[in-house]
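Undergrad: Below: one structure in structure tokens.
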Amino acid sequence: MGRKILFITTDQQRYDALGCNGGRVARTPVIDGLAANGIVFDRAHPQNVVCMPSRSTMLTGQHVSTHGVWMNGVPLASDAPSIASDLRRAGYRTALIGKAHFEPFIDPFLRFAENRIGSAGLETEMVIGEDGLPTPHRGFEHLALATHGGMGPFHYARWLREKNPAAAAMFFQVLDQQLQVNAGGGGDTNAPQVKHNDIPRELYHTEWVADQTIDWLSSLPADADWFCWMSFPDPHHPWDPPKSEIGRVNWRDLDLPDGYIVDATERERVLDAKPRHWRMWYEGTFVSNYEAPAKWVPKTLTADNVREVNAMAHIENELIDEAIGRVLASVASRGWGDDVDVLYTTDHGELQGDYGLLFKGPYHTDSLMRLPLVWSPATSAKVAPARVSAPVGLVSLAATFADIAGIARPDYTESARLPTNDEEARELGHERVLTEWDSVLFGKIVHARTICRDGWICTAMLSGTVHDGIEGELYDLANDPLQHNNLWSSAQHAAQRASLLDDMWSSLPTRVLPLRSCDAPV
Amino acid sequence: MPDFPTWSGVSTNRYIARMGSVRRHVHINRDPDTVWALVGDLARQHEWFPFSSCRVEGNKRWMTTPSGITFEEDIITHDHALRRFQYRIVGNPGITSHLGTCDVIDDGHGGSTVVYSTDMEPEALAIVVAGAAGEGLDKLKRLMETT
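In order, the protein sequence lines correspond to chains A and H.
Under this note's numbering, the first residue of the first sequence carries the number 57, and numbering increases by one thereafter.
Under this note's numbering, the first residue of the second sequence carries the number 9, and numbering increases by one thereafter.
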């Protein structure tokens, strides 16, 4: 028997959501416990700040330029490498339970396997692998798929319709009649994408993901090695946790988050010091990406909206933590407790009020890029607890899974495994982490490339609809932890900027061509 | 800074706010009359486009997707000489404007270029149609070049 792997992801969660990372509101004792006995990464970045590209990086161990999922709506190639396939070939049982999103959601033609598998209620779909033998979709023998509500073709939605046909309509409607991200609001403050959800907690997707995980693990023999990706759709908007849980965090009691600049004049001064698309989005004149509601103007966001959105996210994070606790108890009851590596992270962050903004987009600061990442190695591996300050990326996950399983790092991966401490980070070459952004939807073209190294974040905005190719961002993380002071144009920091850019351009992989086509907005 | 490739597949008309305008094309090593024999038979589009079924009555057509959605269409143009057909999706409250166009163009060297264009509101759905068109054209090429 080898080490088993429980890979837990959330969706759109901030670094500071967790108690172990300084979070002061949501109670997350289960993850905090994993952190206390494991490795906490204080500078983990995604390679893209929206779902599909970031998740594709987790699965392939590749940067966006290589796997080719350059924005939401671009499907990961059906024959793309998958660490789950390698683990399965090594004898691991494999499952992905919850949100996958390697392929577009909006798919009336059922072109994509995730939607076909969900709509048919299948466990997986077999394809012919590179060895000429049948292999399950992306290496997962068991898929139980969910997304942020009760609509659509996935297993959770089908299950929900059977349990309570009215339940799907209880969730916030994510898309509007024009298939745009819904700009409507609700709750107590009419905050965007907030709703008091009548759904009973036991029918909520967080509980379903945990229940499905427990069921699948229970189906395995005691001597099985397994890789289970448990993927919670929360705390991604809509912020509509079960109404029964709203009393956990009263938004009226919340302090405003550190990143929210209360004074509008100061807020707009900070935005104006950043590349122009920041202020243009704030004013509602340039909504560059599908993931932000096109009809919502961030400038209208109130302090109470920010409090309420944060309260809802905290509630959802508590529910996730409790669900993980149930799964870990089940794992322990099987006698696997000493042999399971647990890795916890998310695909990208959430602005959640920072700079007066919500949601996500080409805004490469800690709000979206600094992620929770906790690795609790199996007790049997005897790894000492540590906090790692070196920059790492989700691009290292695939190699880490391989290492845990005792198989060679696959050739297709582009980064060394995660380190277990800062000394090992140096040995493994974790000097920098890179993040890419490309969006071209609806004629609004934005390209950005970012490096984080030596306590600096540097972003080059490439030529696009509103950028001339000479703008960018440079932040000193030690002295400006909220990234309010853009030093890009500072003569004093020109050499620092040049050094970072040189390193970034020489470190980014060459883009694989031809570009994959965008086949849906998300 | 490296050179960046052309980003294609979605509209880059920055001045159109709501209308999605998309286009996909494929080159096929078969003469245009042979290609048009299939493409121009509007009741057979499900043989190459990712629809599950297709029904034509006069200038009306009904196309059903594998997920069970049926689109009612008005056939606007069906020109054998030009090798063009155009259609509009009608009677669908979620689609406020639509024009689909498919052209089979003689490349002058014994082959064909097939162009599938869609102008559509809501714009988000146009991208989905573009993806389906891309897959359909790839299948059309395989069908034509292997039979």
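Heads up, the beta-carbon is just placed ideally off N, CA and C, and yes, glycines get one too.
Bear in mind the structure is a predicted one, so any value in this text is a computation, not a measurement.
So A/Ala140 and A/Leu115 are in contact, right, with Cβ under 8 Å, and what is the actual spacing, rounded?
TA: Position 84 of the first sequence, counting from 1, holds the residue named residue 140 of chain A. Position 59 of the first sequence, counting from 1, holds the residue named residue 115 of chain A. Yes, they are in contact, since the Cβ atoms of A/Ala140 and A/Leu115 sit about 7 Å apart, within 8 Å.
Undergrad: Closer than 8 Å, Cβ to any Cβ of chain A: which residues of the segment 131 to 148 of chain H, in chain order?
TA: Residues Glu131, Ala132, Leu133, Ile135, Val136, Ala138, Gly139, Ala140, Gly142 and Glu143.
Undergrad: Thinking A/His420 and A/Trp493 are a contact (beta carbons under 8 Å), I'd like their distance in whole angstroms, please.
TA: Taking the first residue of the first sequence as 1, we reach residue 420 of chain A at position 364. Taking the first residue of the first sequence as 1, we reach residue 493 of chain A at position 437. Right, their Cβ atoms sit about 7 Å apart.
Undergrad: Who does H/Gln94 pair with in a DSSP beta bridge?
TA: The residue you call residue 94 of chain H lines up with position 86 of the second sequence. Beta-bridge pairing links H/Gln94 to H/Thr85 and H/Thr109.
Undergrad: Compare the C-beta of A/Gly294 with all C-beta atoms of chain H and state if any pair is closer than 7 Å.
TA: Here residue 294 of chain A corresponds to residue number 238 of the first sequence, with the count starting at 1. The residue you asked about is not Gly; residue 294 of chain A is Pro in the sequence shown. For A/Pro294, the answer is no, since every Cβ of chain H falls outside 7 Å of its Cβ.
Undergrad: Would you mind telling me which residues of chain A sit closer than 7 Å to H/Gly102, beta carbon to beta carbon, in chain order?
TA: For this step, residue 102 of chain H is matched to residue 94 along the second sequence. The answer, in chain order, is Gln233.
Undergrad: Beta carbon of A/Glu470, beta carbon of A/Val448: below 7 Å?
TA: Translated into positions along the first sequence, residue 470 of chain A becomes position 414. Translated into positions along the first sequence, residue 448 of chain A becomes position 392. No. Outside cutoff.
Undergrad: Between which two residues does the alpha helix (DSSP H) containing A/Thr116 stretch?
TA: Position 60 of the first sequence holds residue 116 of chain A. Here the alpha helix (DSSP H) through A/Thr116 covers Cys107 to Thr116.
Undergrad: Are A/Glu170 and A/Glu159 close, meaning C-beta to C-beta below 7 Å?
TA: Here the question's residue 170 of chain A lines up with position 114 in the first sequence. Here the question's residue 159 of chain A lines up with position 103 in the first sequence. In this structure, A/Glu159 lies closer than 7 Å to A/Glu170 by Cβ.
Undergrad: When you compare the segment 182 to 189 of chain A with the segment 219 to 238 of chain A, are there three or more beta-carbon pairs, one atom per stretch, that lie closer than 8 Å?
TA: With the cut-off at 8 Å, the segment 182 to 189 of chain A and the segment 219 to 238 of chain A do not touch.
Undergrad: Since A/Ile270 and A/Ser386 should fall inside the 8 Å C-beta cutoff, what is the C-beta to C-beta distance between them, to a whole number of angstroms?
TA: Residue 270 of chain A sits at position 214 when you count from the first residue of the first sequence. Residue 386 of chain A sits at position 330 when you count from the first residue of the first sequence. Confirmed, about 4 Å.
Undergrad: Going by DSSP, what residues sit across from H/Val29 in a beta bridge?
TA: Walking along the second sequence from the start, residue 29 of chain H turns up at place 21. In the sequence as displayed, the identity of residue 29 of chain H is Ser instead of Val. Bridge partners of H/Ser29: H/Asp127.
Undergrad: According to DSSP, is A/Val430 helix, strand or coil?
TA: Numbered from its first residue, the first sequence carries residue 430 of chain A at position 374. Of the three classes helix, strand and coil, the one that applies to A/Val430 here is strand, per DSSP.
Undergrad: Report yes if the C-beta distance between A/Val120 and A/Asn104 is below 7 Å; otherwise report no.
TA: For the purposes of this step, residue 120 of chain A is taken as residue 64 along the first sequence, with counting starting at 1. For the purposes of this step, residue 104 of chain A is taken as residue 48 along the first sequence, with counting starting at 1. Going by C-beta atoms, A/Val120 is nearer than 7 Å to A/Asn104.
Undergrad: Starting from A/Ile513, trace the beta strand (DSSP E) both ways and give me its first and last residue.
TA: As a working mapping, residue 513 of chain A is identified with position 457 in the first sequence. Trp512 to Met517 is the extent of the beta strand (DSSP E) around A/Ile513.
Undergrad: Work out the CA separation of A/Arg335 and A/Lys155 for me, nearest whole Å.
TA: Position 99 of the first sequence, counting from 1, holds the residue named residue 155 of chain A. Position 279 of the first sequence, counting from 1, holds the residue named residue 335 of chain A. Spanning the two alpha carbons is a distance of roughly 32 Å.
Undergrad: Between which two residues does the beta strand (DSSP E) harbouring A/Met560 extend?
TA: Numbered from its first residue, the first sequence carries residue 560 of chain A at position 504. No beta strand (DSSP E) holds A/Met560; the alpha helix (DSSP H) holding it covers Ala550 to Ser563.
Undergrad: Give every residue of the same chain whose Cβ lies closer than 7 Å to the Cβ of A/Gly147, excluding the five residues on either side of it in the sequence, and list them in chain order.
TA: Translated into positions along the first sequence, residue 147 of chain A becomes position 91. Asp281.
Undergrad: Name the chain H residues that come within less than 8 Å of A/Ala224, Cβ to Cβ?
TA: Your numbering for residue 224 of chain A matches position 168 in the first sequence. None at all; the shortest Cβ gap to chain H is about 16 Å.
Undergrad: Of all the CB atoms in chain A, is at least one closer than 7 Å to the CB of H/Arg150?
TA: In the second sequence, the residue the question calls residue 150 of chain H occupies position 142. No, H/Arg150 lies away from the interface with chain A (no Cβ there is under 7 Å from its Cβ).
Undergrad: Smallest Cα separation from A/Gly94: which of A/Ala551, A/Ala437, A/Tyr316 and A/Ala481?
TA: Numbered from its first residue, the first sequence carries residue 94 of chain A at position 38. Nearest of A/Ala551, A/Ala437, A/Tyr316 and A/Ala481 to A/Gly94, Cα basis: A/Ala437.
Undergrad: Given a limit of 9 Å on CB to CB distance, which residues of the segment 151 to 180 of chain A reach chain H?
TA: Cβ contacts with chain H come from Pro160, Ile162, Asp163, Pro164, Phe165, Leu166, Arg167, Asn171, Arg172 and Ser175.
Undergrad: Apart from the five residues just before and just after A/Arg382, which ones in its own chain have a Cβ nearer than 6 Å to its Cβ?
TA: Walking along the first sequence from the start, residue 382 of chain A turns up at place 326. Here the set comprises Ala266.
Undergrad: Please decide whether H/Ser105 counts as near chain A, where near means a Cβ-Cβ distance under 7 Å.
TA: Counting from one through the second sequence, the residue named residue 105 of chain H turns up at place 97. Not an interface residue.
Undergrad: In or out: A/Met425 buried (at least 16 other Cβ within 10 Å) or exposed?
TA: One-based indexing of the first sequence puts residue 425 of chain A at position 369. Buried, since its Cβ has 16 or more Cβ neighbours within 10 Å.
Undergrad: Pull out every residue of the segment 72 to 86 of chain H whose Cβ sits closer than 7 Å to any Cβ of chain A, in chain order.
TA: Listed by position, the residues of the segment 72 to 86 of chain H near chain A (Cβ gap below 7 Å) are Thr73, Pro74, Ser75 and Ile77.
Undergrad: For H/Ser105, which of H/Phe93, H/Lys147 and H/Thr126 has the nearest alpha-carbon?
TA: Taking the second sequence and counting its residues from 1, the one referred to as residue 105 of chain H is at position 97. Among H/Phe93, H/Lys147 and H/Thr126, the Cα nearest to that of H/Ser105 belongs to H/Thr126.
Undergrad: From A/Thr521 to A/Ser344, what does the alpha carbon distance come to, in whole angstroms?
TA: As a working note, residue 521 of chain A is residue 465 in the first sequence. As a working note, residue 344 of chain A is residue 288 in the first sequence. Roughly 9 Å between the two C-alpha positions.
Undergrad: For A/Asp397, which residues of its own chain have a beta-carbon under 6 Å away from its beta-carbon, when the five flanking residues on both sides are left out?
TA: Reading the first sequence from its first residue, position 341 is the one you call residue 397 of chain A. Excluding sequence neighbours, A/Asp397 sits near Arg59, Ile61, Pro433, Ala434 and Ile460.
Undergrad: Quick one: which residues of the segment 51 to 72 of chain H get their C-beta closer than 8 Å to a C-beta of chain A? List them in chain order.
TA: From the segment 51 to 72 of chain H, only Pro58 and Phe59 have a Cβ closer than 8 Å to chain A.
Undergrad: Who does A/Pro298 pair with in a DSSP beta bridge?
TA: Position 242 of the first sequence, counted from the start, is the residue given in the question as residue 298 of chain A. Bridge partners of A/Pro298: A/Asn253.
Undergrad: Does the CB of A/Ala576 have a neighbour CB from chain H at under 7 Å?
TA: As a working mapping, residue 576 of chain A is identified with position 520 in the first sequence. Yes, A/Ala576 lies at the interface with chain H (some Cβ there is under 7 Å from its Cβ).
Undergrad: Contact defined as beta carbons within less than 8 Å: I believe A/Ala442 pairs with A/Asn477. What is the distance between those atoms, to the nearest angstrom?
TA: To locate residue 442 of chain A, count along the first sequence from 1; it is residue 386. To locate residue 477 of chain A, count along the first sequence from 1; it is residue 421. Between A/Asn477 and A/Ala442 the Cβ distance is about 4 Å, and since that is below 8 Å, they are a contact.
Undergrad: Determine the direct distance from the alpha carbon of H/Asp49 to that of H/Thr155, and round the result to whole angstroms.
TA: Position 147 of the second sequence, counted from the start, is the residue given in the question as residue 155 of chain H. Position 41 of the second sequence, counted from the start, is the residue given in the question as residue 49 of chain H. H/Thr155 and H/Asp49: Cα-Cα distance of roughly 17 Å.
Undergrad: Are the segment 61 to 74 of chain A and the segment 281 to 292 of chain A touching by the rule of at least three beta carbon pairs closer than 8 Å?
TA: At 8 Å Cβ cutoff, the stretches touch.
Undergrad: Name the chain H residues that come within less than 9 Å of A/Gln236, Cβ to Cβ?
TA: If you number the first sequence from 1, residue 236 of chain A lands on position 180. Ordered by position in chain H, the residues that pass the 9 Å Cβ test against A/Gln236 are Pro130, Glu131 and Ala132.
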